[in-house]
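Residue numbers (the numbering used here): 14 to 664. Note that CB positions come from ideal geometry on N, CA and C, so glycine has one too. Owing to the predicted nature of the structure, the values given are computational and were not obtained by experimental measurement.
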Amino acid sequence: MATLIPLDPSRTTQYTSGSPELTEHMSKMKGLWEAFIKRQLFPRKELRPAILNSWQRCLNYEISPDGTSPPFLNPQELKDRIKMNQECIDALEPVVSSVDDLIECSNHLVALVDPEGFVLRTYGNQQIQDMLSRLNFGVGANWNERFAGTTAVGIALKTRQPTHVFHAEHYCQKLHQFSCTAVPIFDPLAKDIIGVLNFVAYIQDHQPHSMGMAMQMAKCIELEIYRSRKERDELFREYSTQLMLDQMDRGIIVLDDQRYIRRANLKALDFLGVDGKELLHKKLNDLRILSNWKSLERPFFISGKKGTGVRLAHQPIVHQRRAIGSLILLEKDNQKRFDADENDPPRPLGQSRAFRQVLEYAENAAHFNSNVLILGETGSGKEVLARYIHQKSRRKENPFLAINCGCIPKDLLGSELFGYEDGAFTGARKKGKPSKFELADGGTLLLDEVSEMPHESQVYLLRVIEERAVTRLGGCKSINVDVRIIAAANKNLQEEVEAGRFRADLFFRLNVLRIHLPPLKERKEDIPLLSRHFIEILSESLEKRVEGFSGESMSALIAYDWPGNIRELRNTVEQAIVMCQGDIIQVGDLPEHIVRVSRDAPNSRNLKDGARYEQFIDAYHQCQGNITQIARLLNVSRPTVNAWRKKYGIA
């Protein structure tokens, strides 16, 4: 059975090969062609518009219907054109291979034609290939309508639509023996024609499935080109991204959302002292040097190659409000840090007896889930201590959140702390907002300046503590939470309770483990240690190298009582670094009000014995306050050491 293109395009007719119907159809088609060629008839009703329009264009092109010889590429031109269209050829090869037997047994030829109409490749029936070559329509020939007359290829290029041309529908008489089906191949992105797939068969071998098969093959070619380009783009992206990463001064490690390492630049490999193959497809914590970095939210410090200090920081990669991975940024760190092989976080700085007692109590408190109340003056380091407790606890892998109750307007504190549902009040976010308890679930929530919390919020907080569940403002759903609360205050909460400004029942709930953080004036022996620490970190951030303090300037710092505590000391050190003209901070670099206190002090003359003071302070910290060891190190008696302690104000 052969499916033939009807004279009436509204009907499809099948004729048996060699049947009278086929002979009649071909005869009528031949008559229409001859009538048109002789300009005796324009068969508008009998022919499909695409064929008739093409015949009319061929007349305008003055194409000879009897002996057309289309342009032909010489071997070098063909080679160049194949190279230009190699992408399409490479995509076609596996598609043709998958249907090779079907093409061969159906006596068809498949040709790949470029966008200008040149035949680049042919596959299938060898007899048809030989015949087309004899007719000058083989590989290298141009089947464009302007040169070959009406063909399926020419119409497909002109109309950008799949088409078939049967028998005498071909304008050139040489091609009347063929049935052709052509389907354009489009660029997957630009949608330009990048080729045409042409099925050619002798009339008696035309098959009904030719059009469907050609369209499927063309679609497969387009998909293969898309896949190949995507793969090539990905390789290019990986190569160019890696090249850019390797040019950066900082080390970079790229993690996926499961913390598997996907990429690392040369700087990161150098910092870690590892080979790139050791990193790929491993989790970050699989690396021994990073095995103790459990909470990515906090920076991590290691001793890198050649003993260089390295700081690692985490930065999430967010797409459409969802974390899809993260970057680990590595850079040189000149500050002295804790040993990365230890499982302990950096300790808050201080060697005084009073501070060591606080730290010991805090470490004990960290092992339990009881609420903690930290009392201390402003700037004394309450949040630092709270973070330390969290990091020493079993909750260290989970979030640590801090909210300052005194910095948020009282009418907004409730919505910030407890969250709210959509429509809870005018101006509320759509979809609402989660509470801090939800965000800190499994971890620790610091309520700083808790004494400033308004009464209505105190009632709500008490309920959350008692029920271990939170209900957002404007909502009715109770959400279970597991949060350890650390409260901090710079006021005496007992006095606030007695004055009626703070609920007694809430105070008792918070005051399970109480830590009193001494002010800096009660731990003056920590001032040298803290000051040197601030010099190290601030010199780097200010990009100004300062080595330390003169004996007189350090004496002035110790003589001052620091009402602003550690925060004031840090600001003073920063000012001194800015004012310093050399690499040692002199007393003249300090604020006048601090120097004045030092000059007015009764023992100011002795405090100015800078060399001895520096020597004594170094020995004191080296020996951790042990009198016998200090005396042995300085080659003096124990009474002398005790006298110096009193002289320099060290308890």
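Checklist entry - His403 and Thr457: beta carbons closer than 8 Å? => result Closer than 8 Å, so yes.
Checklist entry - Does DSSP classify Cys418 as helix, strand or coil? => result The answer is coil: DSSP assigns Cys418 none of H, G, I, E or B.
Item to check | Residue interval of the beta strand (DSSP E) (run including Asp93) | outcome: Counting along the chain, Asp93 falls outside any beta strand (DSSP E), though it belongs to the alpha helix (DSSP H) covering Pro88 to Met97.
Item to check | 4 or more residues per run - each alpha helix (DSSP H) lying fully within the segment 154-210 | outcome: DSSP runs (the alpha helix (DSSP H)) wholly in the segment 154-210: 158-161 and 165-172.
Item to check | Minimum C-alpha distance to Arg408 - residue among Arg497, Gln217 and Ala644 | outcome: Considering only alpha carbons, the answer is Arg497.
Item to check | Given Arg400 as reference, the closest of Leu388, Gly392, Ala379 and Cys418 once Cα atoms are compared | outcome: Comparing Cα positions, the closest option is Ala379.
Item to check | Straight-line gap, Asn149 to Leu86 (C-alpha atoms, nearest Å) | outcome: Distance between the alpha carbons of Asn149 and Leu86: 11 Å.
Checklist entry - According to the Cβ coordinates, are Leu388 and Ala512 closer than 8 Å? => result Their beta carbons are not under 8 Å apart, which means Leu388 does not touch Ala512 by this criterion.
Next on the checklist: Quick check on Pro221: buried or exposed, where buried means 16 or more other Cβ atoms within 10 Å of its Cβ?
Outcome noted: So Pro221 ends up on the exposed side.
Next on the checklist: Considering only the alpha carbon of each residue, which of Arg57, Arg527, Ala277 and Glu508 lies closest to Phe288?
Outcome noted: The sequence given here has Asp at residue 288, not Phe. In this structure, Ala277 is the residue among Arg57, Arg527, Ala277 and Glu508 with its C-alpha nearest to the C-alpha of Asp288.
Checklist entry - How many Å lie between Leu4 and Arg522 at the Cα? => result With the chain represented from 14 up to 664, any question about residue 4 goes unanswered, as that position is not in the structure.
Next on the checklist: Classify Cys489: buried if its beta carbon has 16 or more other beta carbons within 10 angstroms, exposed otherwise.
Outcome noted: With fewer than 16 other beta carbons inside 10 angstroms of its own, Cys489 counts as exposed.
Item to check | Bounding residues of the beta strand (DSSP E) (the contiguous stretch that carries Pro329) | outcome: Residues Gly322 to His332.
Checklist entry - If you run the structure through DSSP and keep just helix, strand and coil, what is His121? => result The DSSP-derived three-state label of His121 is strand.
Item to check | Euclidean distance between Cα positions of Ile548 and Tyr633 | outcome: For Ile548 and Tyr633, the gap between their C-alpha atoms comes out near 20 Å.
Item to check | Rounded distance between the beta-carbons of Glu560 and Val600, thought under 8 Å | outcome: Not confirmed; about 16 Å, so no contact.
Checklist entry - Roughly how many whole angstroms lie between the Cα atoms of Gln628 and Ser650? => result Roughly 15 Å between the two C-alpha positions.
Next on the checklist: For Ser146 and His189, what's the separation of their Cα atoms in angstroms?
Outcome noted: Between the C-alpha atoms of Ser146 and His189 there is a straight-line separation of about 16 Å.
Checklist entry - Taking only runs of the alpha helix (DSSP H) that begin and end inside the segment 367-430, which ones reach a length of at least 4 residues, in chain order? => result Annotation: the segment 367-430 contains the following complete segments of the alpha helix (DSSP H) (minimum length 4 residues), in chain order: 395-405.
Checklist entry - Nearest CA to the CA of Ile579: which residue from Thr391, Asp283 and Ala367? => result The shortest C-alpha to C-alpha distance from Ile579 to any of Thr391, Asp283 and Ala367 is the one to Thr391.
Checklist entry - Under the rule that 16 or more other beta-carbon atoms within 10 Å means buried, what is His219, buried or exposed? => result With 16 or more other CB atoms across the displayed protein chains lying within 10 angstroms of its CB, His219 is buried.
Checklist entry - DSSP puts Ser665 in a beta bridge; with which residues? => result Past the boundaries of the shown model lies residue 665; the chain is included only from 14 to 664, so the question cannot be answered.
Item to check | Inter-stretch contact at 8 Å, needing at least 3 Cβ pairs: the segment 294-312 / the segment 267-286 | outcome: When C-beta atoms of the segment 294-312 are compared with those of the segment 267-286, three or more pairs fall below 8 Å, so the two segments count as touching.
Checklist entry - Run through DSSP, which three-state label would Lys307 get? => result Reduced to three states, the DSSP call for Lys307 is coil.
Next on the checklist: For Asn655, which residues in the same chain have their Cβ closer than 8 Å to its Cβ, ignoring the five residues on either side in sequence?
Outcome noted: Here the set comprises Ile640.
Next on the checklist: Which residue marks the beginning of the alpha helix (DSSP H) containing Lys290, and which one marks its end?
Outcome noted: In the DSSP annotation of this structure, the continuous segment of the alpha helix (DSSP H) that includes Lys290 starts and ends at Gly289 to Leu292.
Next on the checklist: Taking the beta carbon of Tyr573 as the centre, do at least 16 other beta carbons fall within 10 Å, making it buried, or is it exposed?
Outcome noted: Around the beta-carbon of Tyr573, 16 or more other beta-carbon atoms lie within 10 Å, marking it buried.
Checklist entry - Per DSSP, Leu458 forms a beta bridge with which residues? => result Answer by DSSP bridge pairing, in chain order: Leu414 and Ile498.
Item to check | Buried or exposed (CB count within 10 angstroms, at least 16 for buried), Phe431 | outcome: Buried.
Next on the checklist: Mapping the DSSP letters down to three states, classify Ser23 as helix, strand or coil.
Outcome noted: Since pLDDT at Ser23 reaches only 34, below the 50 mark, its modelled position is unreliable, and no value is offered.
Item to check | Straight-line Cα distance separating Gln364 from Gln637 | outcome: Those two C-alpha atoms are separated by around 7 Å.
Checklist entry - What is the rounded straight-line gap between the Cα of Gly286 and the Cα of Leu542? => result Cα to Cα, Gly286 sits roughly 32 Å from Leu542.
Item to check | Straight-line gap, Gln140 to Ile234 (C-alpha atoms, nearest Å) | outcome: Rounded to whole angstroms, Gln140 and Ile234 show a C-alpha spacing of 26 Å.
Checklist entry - Can you list, in chain order, the residues of its chain whose CB lies under 8 Å from that of Glu556, leaving out five sequence neighbours each side? => result None.
Checklist entry - How long is the line joining the alpha carbons of Glu553 and Lys345, rounded to whole angstroms? => result Those two C-alpha atoms are separated by around 11 Å.
Item to check | Buried/exposed call for Val213, threshold 16 Cβ in 10 Å | outcome: Looking at its Cβ environment, which holds 16 or more other Cβ atoms inside 10 Å, Val213 is buried.
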